[in-house]
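Each residue of the sequence shown is one higher than the one before, counting from 1 in the UniProt record's numbering.
Where is the CB? At the ideal position from N, CA and C, for every residue including glycine.
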Amino acid sequence: MTTTHTLFRAVVAEVVHVTVEGEEMVLRTWRPGRRSRTVRRGNDDSPPRVDPAG
């Protein structure tokens, strides 16, 4: 008799990695079927910068 045990199952809709680089907050996002995206926000009133996908 074989028993299969499943601890958990996760369906990932989005992954976000947030870091601070120098004076900027950096958000890297990924969604299934899409390219990753990087958004940088500095310590000023300028709009966030979106880096080219890489």
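Where do the ends of the beta strand (DSSP E) carrying residue i lie?
i     : result
Glu21 : 15 to 21
Asp51 : 49 to 51
Arg28 : 24 to 30
Thr38 : 37 to 41
Can you tell which of the options has its C-alpha closest to the C-alpha of residue i?
i     : options                    : result
Val11 : Arg37, Pro32, Arg49        : Pro32
Ala13 : Pro48, Ser36, Val26, Asp51 : Ser36
Gly42 : Val15, Gly22, Arg9         : Gly22
Could you tell me how far apart the beta carbons of residue i and residue j are, in whole angstroms, since I believe they sit closer than 8 Å?
i     : j     : result
Glu24 : Arg40 : 5 Å
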